[in-house]
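In the numbering used here, the protein residues as written are 2 to 318.
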């Protein structure tokens, strides 16, 4: 009975989220290159977004529909059926951590590891401060006497994770799916090659200098206990490669960071909903990827929405 209620509540939640369809947005090519795995610690889900026209779009992280009923979170790694990786092979020495910026609202932490999975010479710029060998940037939002981590970016491969502020009944929530902003290339796995990552605390905006040319800005437009919204703009469209991508994991619906996808195709009066591994792609103005029932893996991790695709940069809308 509880499961059936959660499923019903989940569909209601999806309808609420998907009800914010952009209606007039550009339709972009959405492709799925996901591969089945048995190991829950591998990112086997890959959804790509491509268009030679898009210069502006939106990314949202929204708490899953079942969040209000969640009483116990699960975020510990699951190494079951992981043949070529393990906790031992994946454990790294504790990184060097430094505060790169702090004010009354936010704190930016820079983490440096003794080794990173690929060579990187990306600079990190915050105001007049320029740093190198930063493998992970953490953005923490101050709330009362706590600083809550809500965003991370790995400059060396272009991966991001975001999440809303935790709801009142939970002290902390987990990350789940990652995403990429910029020309998505393949180097052992999908990556975005960057030259520089700059952050302006006054506008809560990241500026990415792309190795293939041009810049992208990623601005935090909303952050609350329901969602985080990022506004993304390119100074030139990305041609010949995806301009964004989502990475996640799926083993089973009860062991997944993302289990389902819903897309609103161009001109359609309804959403097309499918299990993530069955999705064959299409042209869509809106795409939601998330879960309708609780998972044993990163149970509190947010659903993700990509939409508001436009041919004009944000400044000229």
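Glycine residues also receive a C-beta, built at the ideal position from the N, C-alpha and C atoms.
Legend entry - As assigned by DSSP and simplified to three states, the class of residue 229: In the structure shown, residue 229 sits in a strand (DSSP, three-state: E or B).
Legend entry - Selected residue, minimal CA-CA separation from residue 268, among 258, 280, 286: The option with the nearest alpha carbon to residue 268 is 286.
Inset, instruction - Consider the Cβ of residue 279: report whether some Cβ of chain D lies at a distance smaller than 8 Å. - result: The structure shown contains no chain D; it holds only a single protein chain.
Inset, instruction - State the beta-bridge partners of residue 199 as determined by DSSP. - result: Residue pairing from DSSP places residue 199 in a beta bridge opposite 126, 208.
Inset, instruction - Work out the CA separation of residue 98 and residue 111 for me, nearest whole Å. - result: So the two alpha carbons sit approximately 6 Å from each other.
Inset, instruction - State whether the region 70-80 contacts the region 293-310, with contact taken as three or more CB pairs (one from each stretch) at a distance under 8 Å. - result: The region 293-310 and the region 70-80 touch, with three or more beta-carbon pairs separated by less than 8 Å.
Inset, instruction - For residue 113, I'd like the list of residues in its chain whose CB is within less than 7 Å of its CB, leaving aside the five on either flank, ordered along the chain. - result: 96, 97, 134, 135, 136, listed in sequence order.
Legend entry - Cβ neighbours of residue 266 in the same chain (closer than 8 Å, five flanking residues each side left out): So the list reads 28, 273, 283, 284, 285, 286, once near-sequence residues are dropped.
Legend entry - Cβ neighbour criterion (16 or more within 10 Å) applied to residue 164: The residue is buried, with at least 16 neighbouring Cβ atoms inside 10 Å.
Inset, instruction - Check whether the region 246-256 touches the region 43-54, taking contact to mean three or more Cβ pairs, one atom from each stretch, closer than 8 Å. - result: Taking a cut-off of 8 Å on C-beta distances, the region 246-256 touches the region 43-54, as three or more cross pairs fall below it.
Legend entry - Selected residue, minimal CA-CA separation from residue 154, among 116, 143, 193: Looking at the Cα atoms, 193 is the closest of the given residues.
Legend entry - Same chain only: Cβ atoms within 8 Å of residue 13, ignoring 5 sequence neighbours per side: With a pLDDT of only 32 at residue 13, under the threshold of 50, the placement of this residue in the model should not be trusted; the figure read from the coordinates follows. The beta carbon of residue 13 is closer than 8 Å to those of 66 in its chain, skipping five residues each way along the sequence.
Legend entry - Assigned exposure category for residue 310 - 16 Cβ within 10 Å defines buried: So residue 310 ends up on the buried side.
Legend entry - Limits of the beta strand (DSSP E) - the one that residue 32 falls within: Counting along the chain, residue 32 sits inside the beta strand (DSSP E) bounded by residues 29-33.
Legend entry - Spatial distance of residue 237 from residue 226 (CA atoms): If I take the Cα positions, the gap works out to 33 Å.
Inset, instruction - With DSSP collapsed to three states, give me the class of residue 279. - result: Here residue 279 sits in helix by DSSP.
Legend entry - Beta-carbon proximity list for residue 223, same chain, < 7 Å, skipping 5 on both sides: Excluding positions up to five away in sequence, the list reads 229, 230.
Inset, instruction - Look at the alpha carbon of residue 245 and the alpha carbon of residue 109, and state the distance between them as a whole number of angstroms. - result: The alpha-carbon atoms of residue 245 and residue 109 are separated by roughly 24 Å.
Legend entry - Within 8 Å, strictly: CB atoms of residue 142 and residue 107: Against a cut-off of 8 Å, the Cβ pair of residue 107 and residue 142 comes out as a contact.
Inset, instruction - Only counting runs of 3 or more residues, tell me where the beta strand (DSSP E) segments fall wholly within the region 226-265, in order along the chain. - result: Those beta strand (DSSP E) runs which fall completely within the region 226-265 and span 3+ residues are 228-235, 245-249, 251-253.
Inset, instruction - Counting only the same chain and skipping the five closest in sequence on each side, list residues whose C-beta sits under 7 Å from that of residue 313. - result: Taken in chain order, the residues that qualify are 56, 57.
Inset, instruction - Count the other CB atoms, across all protein chains shown, that sit within 10 Å of the CB of residue 317; report buried if there are 16 or more and exposed otherwise. - result: Note on residue 317: pLDDT 44, under 50, position unreliable in the model; no value is reported.
Legend entry - Pair within 8 Å by beta-carbon distance, residue 305 and residue 62: The Cβ atoms of residue 305 and residue 62 sit closer than 8 Å to each other.
Inset, instruction - Take residue 39 as the anchor and find which of 123, 212, 49, 254 has the nearest alpha-carbon. - result: From the listed residues 123, 212, 49, 254, the smallest Cα separation to residue 39 is found for 254.
Legend entry - Neighbourhood of residue 144 by C-beta, 7 Å cutoff - its chain only, sequence neighbours within 5 removed: The beta carbon of residue 144 lies closer than 7 Å to those of 166 in the same chain, with the five residues before and after it left out.
Legend entry - CA-to-CA distance, residue 124 to residue 151, given in whole angstroms: The alpha-carbon atoms of residue 151 and residue 124 are separated by roughly 22 Å.
Inset, instruction - Under 8 Å by Cβ, that's how I've got residue 190 and residue 179 pegged, so tell me the actual separation to the nearest angstrom. - result: Contact doesn't hold; Cβ gap of about 11 Å is too wide.
Inset, instruction - Starting from the Cα of residue 216, find the closest Cα among 138, 201, 239, 205 and give me that residue. - result: Cα-wise, what sits closest to residue 216 is 239.
Inset, instruction - Can you give me the start and stop residues for the beta strand (DSSP E) that residue 170 sits inside? - result: DSSP places residue 170 outside any beta strand (DSSP E), giving it a letter other than H or E.
Inset, instruction - Between the Cα of residue 41 and those of 52, 85, 60, 69, spot the shortest distance and give me the residue it belongs to. - result: When each option's Cα is compared against that of residue 41, the closest is 85.
Inset, instruction - Tell me whether residue 66 sits in a helix, a strand or coil according to DSSP, three-state version. - result: Coil.
Legend entry - Distance between residue 258 and residue 50 (C-alpha atoms, nearest Å): Approximately 19 Å, taken between the alpha carbons.
Inset, instruction - Classify residue 113 as helix, strand or coil using the three-state DSSP reduction. - result: Of the three classes helix, strand and coil, the one that applies to residue 113 here is strand, per DSSP.
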